[in-house]
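K.L.:
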Amino acid sequence: MIFVRDRAEARWLPSRHHFALFKLAGFLRLLKAKPEPRPGLMLAVARDQSKVENYGFAIWFLMSVAGFFFPWLPLPLPIALVVSVLLAAITIQFPCYFMGVVVIPLVTRTLLRNNHRANLTLLLTCGAAAAVYYALQPSWVRLLGWQYLGVLTLNAVSAVLVRLLRNRIARQEQSFGGVSFAD
-1 MIFVRDRAEA RWLPSRHHFA LFKLAGFLRL LKAKPEPRPG LMLAVARDQS
49 KVENYGFAIW FLMSVAGFFF PWLPLPLPIA LVVSVLLAAI TIQFPCYFMG
99 VVVIPLVTRT LLRNNHRANL TLLLTCGAAA AVYYALQPSW VRLLGWQYLG
149 VLTLNAVSAV LVRLLRNRIA RQEQSFGGVS FAD
């Protein structure tokens, strides 16, 4: 694992983020960042190290799925909100169980080395299917479907930009040096 010491601005390094949208935002933020020496600070340079990204994505995804349940609940507003969030939290688990019980045993480990990526792909695909369904509905919930599809599209466009900027991003990250420690 690579660690950067004593430089607080390293929190914006694109390789500390998982999604292309956050990688691009980190890259752009790092272009304008001033050196922030902070003795004793040590930041890991590995995916999924951004708490803003992790919690932000989790909350966005949970609330989107909860919104997909909301129109089906004939309950008073406060109760429907709580029940839809609980249903979403439970429902989100099923694709992960499906991957673990059905897909992974059928696929060799060499084809599916990264279970996290496989689970995320399945979750986002299921969410996209629901979003397409709701985007085509004539009610207010179509806005939720379009919002979900818009965020996925924005991330896809960001992925293309990150791919085009990969050499520049690599040079920027190399300027931070970093110390490698055995895992």
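Position 163 (the sequence shown) corresponds to 161 in this note's numbering; numbering is contiguous. Heads up, the beta-carbon is just placed ideally off N, CA and C, and yes, glycines get one too.
Below 6 Å CB to CB, which residues in the same chain sit around residue 16 once its five sequence neighbours on both sides are set aside?
P.N.:
Result list for residue 16: 45, 46, in chain order.
K.L.:
So, at 8 Å on beta carbons, what are the nonlocal neighbours of residue 5 in its own chain, with the 5 sequence-adjacent residues on each side left out?
P.N.:
Once the five neighbours on either side are set aside, the close Cβ partners of residue 5 are 33, 34, 35, 36, 39, 41, 174.
K.L.:
Could you tell me if residue 18 is buried or exposed, where buried requires 16 or more neighbouring beta carbons within 10 angstroms of its beta carbon?
P.N.:
Buried, by the Cβ-count rule.
K.L.:
Whose C-beta lies closer than 8 Å to the C-beta of residue 76 among residues of the same chain, with five residues either side of it excluded?
P.N.:
Cβ within range, chain order: n/a, list empty.
K.L.:
Buried or exposed: residue 92, going by 16 or more other Cβ atoms within 10 Å of its Cβ?
P.N.:
Residue 92 comes out exposed.
K.L.:
Can you tell me the Cα-Cα spacing of residue 64 and residue 126, whole angstroms?
P.N.:
Roughly 14 Å separates the two Cα atoms.
K.L.:
Counting only runs that start and end within the stretch 82 to 166, where is the alpha helix (DSSP H) found for 4 or more residues in a row?
P.N.:
For the stretch 82 to 166, whole alpha helix (DSSP H) runs of length 4 or above, ordered along the chain, are 91 to 96, 113 to 133, 140 to 162.
K.L.:
Cα separation between residue 117 and residue 50?
P.N.:
Going by the C-alpha atoms only, they are around 21 Å apart.
K.L.:
Closest to residue 89 by CA distance: which of 104, 165, 66, 113 is it?
P.N.:
Here the closest residue by C-alpha is 66.
K.L.:
Does any residue of chain C have a CB that is nearer than 8 Å to the CB of residue 88?
P.N.:
This model lacks chain C altogether; it includes just one protein chain.
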